[in-house]
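Down below is the structure, laid out as structure tokens.
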Amino acid sequence: MLTLLAVSLITLAVKFEVVMMLLLGRFLSALSSGISMCALILFLQEISSAEMRGQLSFFAEMAFVSMNALGVIMGMSSVLGNHLTYLVALALVPAIVSIVILLPLHETPKYLLLKRKDKTSATSAINFYLGTS
Numbered sequence: 023m024l025t026l027l028a029v030s031l032i033t034l035a036v037k038f039e040v041v042m043m044l045l046l047g048r049f050l051s052a053l054s055s056g057i058s059m060c061a062l063i064l065f066l067q068e069i070s071s072a073e074m075r076g077q078l079s080f081f082a083e084m085a086f087v088s089m090n091a092l093g094v095i096m097g098m099s100s101v102l103g104n105h106l107t108y109l110v111a112l113a114l115v116p117a118i119v120s121i122v123i124l125l126p127l128h129e130t131p132k133y134l135l136l137k138r139k140d141k142t143s144a145t146s147a148i149n150f151y152l153g154t155s
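So in this note's numbering the end of the sequence shown lands on 155, straight run, no missing numbers.
Take a look at the structure:
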């Protein structure tokens, strides 16, 4: 949600040329990126089997690097570099997609078992993430 707010602020700031709104949006975007990336790695570590932990963390980092490269390519003057409003608004797509993806997810089994002491929900979460085999 913070990313969606940040990208919306940045897009509006570029569209209406409001410098302070741009600075606030960039600050919120940086804050959101740091929190999201740390939370993603922690989440993947908690839901994955021991054999898959390293691979999932690697792919999460590669997705981050790939999206940075895509942003650089989209910012080239021959692609969207002359249309700054479209370029910054393009970040709304992953922000909205990530919210939609997060909605059906369960809490992690580790959190449910250690913090909430809810063994039934933890078992359900394990079945959700790792299957019932």
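Heads up, the beta-carbon is just placed ideally off N, CA and C, and yes, glycines get one too.
Residue environment for residue 47: buried (at least 16 other C-beta atoms within 10 angstroms of its C-beta). In terms of Cα proximity to residue 58, the closest of 126, 151, 112, 82 is 82. Given a length threshold of 4 residues, each whole run of the alpha helix (DSSP H) inside the segment 42-98 is given here in chain order: 75-96. Excluding five sequence positions before and after residue 78, the CB atoms of its chain that fall closer than 6 Å to its own CB belong to 66, 70, given in chain order. Here the alpha carbons of residue 151 and residue 91 stand approximately 30 Å from one another. Contact between residue 36 and residue 130 is ruled out by a C-beta separation of about 37 Å, above the 8 Å threshold. At the C-beta level, residue 54 and residue 33 stay beyond 7 Å of one another. By the CB criterion at 7 Å, residue 143 and residue 136 fall outside the cutoff.
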